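Protein chains in written order, with this note's numbering: chain H, 1 to 345; chain Z, 1 to 357; chain D, 1 to 262; chain R, 1 to 245.
Where a beta carbon is used, it is the ideal one built from N, C-alpha and C, also for glycine.
Since the model is a prediction, treat every value here as computed from it, not as a measurement.
This report concerns only the one structure given below.
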């Protein structure tokens, strides 16, 4: 029974995709693997935390990239020894990882607790404020961020070759994807979805609604922290500008491009974004249509605008719609409510 | 079983409930009093010094707070007006702010006939007022276009609207960078108000008081519009119950359009004031979106009264934190802003004058 | 008439599950409840009747903890619960339904009931599935069968028809196996046949379950309850056995608005 | 009852509901310049009918016409201007507005019409005394008067009232009953949804009984009031015959 249930088309596709991804270092150029795909994995995990909060909790967070940054800064502060910028705690690199994740999770808990009594647009705006204030905190308190950022951050020796980072990224992505999806069927996940649909009813059933929201935000912060550590390993440095309002918006934009209620969408959106960011400006076409002066952001903004106008469900949503139509031609499929449970794959 | 029922006398019950509700209020009040006591008596090692020892600095900081609050109010009132009626979070508010500032600077340069190093003495009152009106009108028209093209047809899909305006922000920021370059620009106050006056032995810029005057004028006009005209009444009614307003035969689409126009105009006005006050540069749009957000989150979304209260509170924190934190901690002023936000949200999750959606 | 009449027909009871004392609720300037006193015994079935706007649902909200009274006290099983938030009430064995069905529209019928059971049993946090969950799922399926939703276990609550939503609402209240149930107009919107099934279902509940019922439908109310309380205009007008209330001409007239002519 | 040639309101084969579930099914009735009451158990779709008539809820199928003009499918503001005014359940006043502002915001366009703010104050003198009070600080009766007065300013052909007597003291219900009769005398049709059977009968000579989203029966005069069997059958009121004098 269980074995057969695992053998669905979706799961086979996922397994094939993972095999393909693991084989990529032998198939594609080092640049494509170490730059495009590694970034996709890291950003995909961070974007997946937005999807997690939006889909199960009905909370659209703009603070996720701040948490990525907090983890990065904290790792830098903890791992570097005296003489460098920042706090220079000089911890063992693995201990530094634990420290970074612990701090990030704690920050997420505090921020989540403060926001736990607001919902919807209020939550969106409050997390935007978090993101901007967080940026200012790192920009102004140089003790934490080093003057002009923390540089020459080394990753642990085990992670030395870039391709290992890629494998870690793939592994983490698979874990996060499966974990978040499985969470939807657990008590905590169901509870969170109940809170999303009707918080008052949940309270009368005995649930602590603000606490559920807080813990969901904390869990998302923990995962964002993992992505942040990977990111700072990959980048080797971090500065306040990298967590300014712009990057925070871009992470949300990735989730939106991919489809904010589909976990697949997080990685899809990250991939599309990184691909566009890397190659779009090289296309000769861009010169021809006379927007050389206008930069990349105009294009990406226009793409998001187009997606939001056409389908707020993003690319994954469009794909799902096409698939439904192909599978059941002619029949008018009832569209599942946004953020509804996925049919158990 | 009956015997176990302890029926508390009604009096004590009422007191207990009051205590429960007031606990965070007391904590916040205590924090505020502590901060005030610190500022007045103990703030010795700070840039400004304790108020009893150095009253001049205190008055100047107070003036800074109130005048900055004026600017905050102009910038945030349009945001809260639009949200209150239409439940649209206009993420492009900061972009309209910045655009109006750039346009006004261009117009002023054209009117004065010089592009850099404009001297205040060359700027007549009209050389400031006309660019202000032009800049704000451009912002208002663009706001109206955004509303008509992108927001009008998906009313009620609040998140989608927020994301659409977010995307517009990204595009506008990029295009403004292309058009106006990456350098900081500045509006020049009219020469007539570019003076200093003396208060408690300290020099203070008249331009800041002028800015406050403009803000108060805007506030009064806004109040008159909302309270004394039938359109204003319709807008307030719409904040309470949009559907019922429609049920009374009022063309809500037209009201929406007017509101978005006025709200964007206010954003533009704020932009011109901000450009005169501190100058603008790429990134100012994000800063002022943040400022507007902090004000309305503190004051309560959709409430003009809340925008006033939020501006004053936030302005106070912005002015006092750097002046009265111990010198070596001045960089931590931003934390105080966060603390203000945290304190307000702990007492009222939807802001001082806000109501849950 | 606005004076409170503390249940004259039935004397104060020996083993009260719910004790409401001089509860006042004010919304702005409006007094929704004008001083209510009510005792409910263990195992009692009490119906609250009255025209719309009489304050029945407000009284429910106070007892269930969704709103705190402006004045007065509420005790459940001897414990003062006046300001106890609603989320602590299930631990006292209390469950309620809402007049307008409040289900979790994005979740299936099974998961709705699962949440009701999990909430009551204090299973709120696990991040993984265990045999306990499988047991809960089975329990949920049984409850669904009891409220005739066995065929809709996998249907999203948002796609149920009106009557089915009311059945789900009832199932979610029963799922917790509470010993105090507050049902707000369970028969509203049900067809005649469905109403009969409902009465049958509620009748089959164990004897120790205390049932508080707001009902507009006198037929349902009278056939289910041992005692009837009539409310109007935020106050209790009268109380008694169904027979007493039925034979009290004043009650019927109040109910139909006759007081307007008197 | 003045059943003239062309009905004021004509509803044919109306379907409406929320999402997957239909609340109104094949609902039909028509009325002239008269007061008609709709009665029925809770949850039978009375409020849904009101919301559908005024356009708050789009209908799924069927026709609604007002004096021969189709009104269904239009936006609520359009329907209101075509001539259907609404006094919703719970009144839905604007808490931020004073009594006077409620009327002033609609005053434009009422010049030379029957109903102006002054005329409303004349009809409900108690409102005039409370001009400056906020909508939230009024008593239940005053709120209801304001809700009716606000609807009157539309100078509509038809006024739909959902549970006007809800939670009101008897003397206030008297005022409302008088107001309804007054309106009909002046040529305005009034459709009133009522829980309070006595108030319904006093306001409207003709009563329609709604069961499961359709009109199932029609009564005239006070027949319903004197027939406990009918009450039990249609309204769920009166469990025993002896319950009613």
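When Cβ atoms are compared, which residues of the region 214-245 of chain Z fall closer than 7 Å to chain R? Of all residues in the region 214-245 of chain Z, the ones placed with a Cβ closer than 7 Å to any Cβ belonging to chain R are 230, 233, 234, 236, 237, 239, 240, 241, 243 and 244, in chain order.
Using CA atoms only, rank isn't needed, just tell me which of Z/79, Z/238, Z/342 and Z/189 is closest to residue 278 of chain Z. As a working note, residue 278 of chain Z is residue 278 in the second chain. The residue with the shortest Cα to Cα distance from residue 278 of chain Z is Z/189.
Residue 210 of chain R - partner residues in DSSP beta bridges: Along the fourth chain, one-based indexing puts residue 210 of chain R at 210. In the DSSP output, where bridge partners are listed per residue, residue 210 of chain R has R/215.
Rounded to a whole number of angstroms, what is the C-alpha to C-alpha distance between residue 222 of chain D and residue 239 of chain D? Your numbering for residue 222 of chain D matches position 222 in the third chain. Your numbering for residue 239 of chain D matches position 239 in the third chain. Looking at the two C-alpha atoms, the distance is approximately 13 Å.
Using a threshold of 7 Å, state whether the C-beta atoms of residue 100 of chain H and residue 68 of chain H are closer than that. Position 100 of the first chain, counted from the first residue, corresponds to residue 100 of chain H. Position 68 of the first chain, counted from the first residue, corresponds to residue 68 of chain H. In this structure, residue 68 of chain H does not lie closer than 7 Å to residue 100 of chain H by Cβ.
Using 8 Å for Cβ pairs, my map puts residue 18 of chain D next to residue 40 of chain D. What's the rounded Cβ distance? Your numbering for residue 18 of chain D matches position 18 in the third chain. Your numbering for residue 40 of chain D matches position 40 in the third chain. Confirmed, about 4 Å.
Can you pull the chain R residues whose beta carbon is under 9 Å from the beta carbon of residue 189 of chain D, in chain order? Numbered from 1 along the third chain, position 189 holds the residue referred to as residue 189 of chain D. Those within 9 Å of residue 189 of chain D in chain R are 23, 41, 42, 43, 44, 45 and 212.
Any chain Z beta carbon closer than 7 Å to residue 297 of chain H: Along the first chain, one-based indexing puts residue 297 of chain H at 297. So yes, residue 297 of chain H belongs to the interface.
Short CB-CB distance (under 7 Å) between residue 82 of chain Z and chain R: Numbered from its first residue, the second chain carries residue 82 of chain Z at position 82. No, no contact with chain R.
Would you please state the rounded distance, in angstroms, between the beta carbons of residue 39 of chain R and residue 209 of chain R? I believe it to be under 8 Å. Position 39 of the fourth chain, counting from 1, holds the residue named residue 39 of chain R. Position 209 of the fourth chain, counting from 1, holds the residue named residue 209 of chain R. About 6 Å separates the two Cβ atoms, so the contact holds.
Confirm, please, whether the CB-CB distance from residue 52 of chain R to residue 60 of chain R is below 7 Å. By 1-based counting over the fourth chain, the position of residue 60 of chain R is 60. By 1-based counting over the fourth chain, the position of residue 52 of chain R is 52. Their beta carbons are not under 7 Å apart, which means residue 60 of chain R does not touch residue 52 of chain R by this criterion.
Inter-residue Cα distance where the pair is residue 263 of chain D and residue 139 of chain D: Because chain D in this structure spans residues 1 to 262, residue 263 of chain D falls outside the shown range and cannot be described.
Step through the CB atoms of chain R and report whether any lies within less than 7 Å of the CB of residue 186 of chain D. In the third chain, residue 186 of chain D corresponds to position 186, counting from 1. No, because no Cβ of chain R sits closer than 7 Å to the Cβ of residue 186 of chain D.
Cross-strand partners of residue 49 of chain D (DSSP beta bridge): Here residue 49 of chain D refers to the residue found at position 49 when the third chain is read from its first residue. Note: residue 49 of chain D sits in a beta bridge opposite D/230.
Per the contact definition of three or more C-beta pairs closer than 8 Å, is the region 261-279 of chain Z in contact with the region 166-178 of chain Z? no
Given that a residue counts as buried once 16 or more other Cβ atoms are within 10 Å of its Cβ, and exposed if not, what is residue 161 of chain R? Here the question's residue 161 of chain R lines up with position 161 in the fourth chain. Buried.
Quick one: what's residue 16 of chain D bridged to in DSSP? On the third chain, position 16 is the one that residue 16 of chain D refers to. According to DSSP, residue 16 of chain D bridges with D/41.
What does the alpha-carbon distance come out to for the pair residue 6 of chain R and residue 197 of chain H? Sequence index remark: in the fourth chain, residue 6 of chain R carries index 6 (1-based). Sequence index remark: in the first chain, residue 197 of chain H carries index 197 (1-based). Cα to Cα, residue 6 of chain R sits roughly 47 Å from residue 197 of chain H.
Which value, in whole angstroms, describes the spacing of the CA atoms of residue 309 of chain H and residue 159 of chain Z? Against the first chain, residue 309 of chain H aligns to sequence position 309. Against the second chain, residue 159 of chain Z aligns to sequence position 159. C-alpha separation (whole angstroms): 12 Å.
Listed by chain order, chain D residues near residue 232 of chain R by CB distance under 7 Å: In the fourth chain, the residue the question calls residue 232 of chain R occupies position 232. Within 7 Å Cβ-Cβ: 219.
Among D/95, D/73 and D/88, nearest to residue 179 of chain D - alpha-carbon criterion: Counted from its first residue, the third chain places residue 179 of chain D at position 179. Out of D/95, D/73 and D/88, D/95 has the C-alpha closest to the C-alpha of residue 179 of chain D.
Would the region 87-105 of chain R and the region 232-242 of chain Z be scored as touching if the rule is three or more Cβ pairs under 8 Å? yes
Assign residue 64 of chain H to buried or exposed, taking buried as 16 or more other Cβ atoms, counted over all protein chains shown, within 10 Å of its Cβ. Position 64 of the first chain, counted from the start, is the residue given in the question as residue 64 of chain H. So residue 64 of chain H ends up on the buried side.
DSSP three-state label for residue 34 of chain D, please. Residue numbering aside, residue 34 of chain D sits at position 34 when the third chain is read from its first letter. If DSSP states are grouped into helix, strand and coil, residue 34 of chain D belongs with the strands.
Who are the neighbours of residue 249 of chain Z on chain R, taking C-beta pairs under 7 Å? Position 249 of the second chain, counted from the first residue, corresponds to residue 249 of chain Z. 77, 80, 81 and 154, listed in chain order.
Cβ shell of residue 103 of chain R (< 7 Å), same chain only, five flanking positions each side left out: Within the fourth chain, the letter at position 103 stands for residue 103 of chain R. Correct list, in chain order: 117, 120, 149, 150 and 153.
Within 7 Å (strictly less), CB to CB, does residue 49 of chain H reach chain D? Along the first chain, read from residue 1 onward, the residue named residue 49 of chain H stands at position 49. Any Cβ of chain D closer than 7 Å to the Cβ of residue 49 of chain H would place that residue at the interface, and such an atom is absent.
Would you mind reading off the limits of the beta strand (DSSP E) that contains residue 97 of chain H? As a working note, residue 97 of chain H is residue 97 in the first chain. Looking at the DSSP string, residue 97 of chain H is not in any beta strand (DSSP E); the run it does join, the alpha helix (DSSP H), is 93-115.
Within 8 Å, do at least three Cβ pairs link the region 330-341 of chain Z to the region 123-141 of chain H? Output reads yes: the region 330-341 of chain Z touches the region 123-141 of chain H.
Residue from H/300, H/91, H/206 and H/266 with nearest C-alpha to residue 419 of chain H: Look at the range of chain H in this structure, 1 to 345, and you will see that residue 419 of chain H is not part of it.
Alpha helix (DSSP H) containing residue 197 of chain D: first to last residue? Taking the third chain and counting its residues from 1, one reaches residue 197 of chain D at position 197. Segment 192-203, the alpha helix (DSSP H) holding residue 197 of chain D.
Can you check whether the CB of residue 237 of chain D is closer than 7 Å to the CB of residue 220 of chain D? Here residue 220 of chain D is taken as the residue at index 220 of the third chain, counted from 1. Here residue 237 of chain D is taken as the residue at index 237 of the third chain, counted from 1. Against a cut-off of 7 Å, the Cβ pair of residue 237 of chain D and residue 220 of chain D comes out as no contact.
Alpha carbon of residue 31 of chain R to alpha carbon of residue 326 of chain H, nearest angstrom: Residue 31 of chain R sits at position 31 when you count from the first residue of the fourth chain. Residue 326 of chain H sits at position 326 when you count from the first residue of the first chain. Roughly 50 Å separates the two Cα atoms.
In terms of residue numbering, what span does the alpha helix (DSSP H) encompassing residue 148 of chain R cover? Numbered from its first residue, the fourth chain carries residue 148 of chain R at position 148. Looking at the DSSP string, the run of the alpha helix (DSSP H) that includes residue 148 of chain R is 140-152.
Can you check which of these residues, Z/222, Z/205 and Z/269, is closest to residue 308 of chain Z by C-alpha distance? As a first step, residue 308 of chain Z must be located in the second chain, where it is residue number 308. Ranking Z/222, Z/205 and Z/269 by Cα distance to residue 308 of chain Z puts Z/222 first.
Let me know if residue 142 of chain R comes out buried or exposed under the rule of 16 or more other beta-carbons within 10 Å of its beta-carbon. Position 142 of the fourth chain, counted from the start, is the residue given in the question as residue 142 of chain R. Taking every protein chain shown into account, the CB of residue 142 of chain R has 16 or more other CB atoms within 10 angstroms, so this residue is buried.
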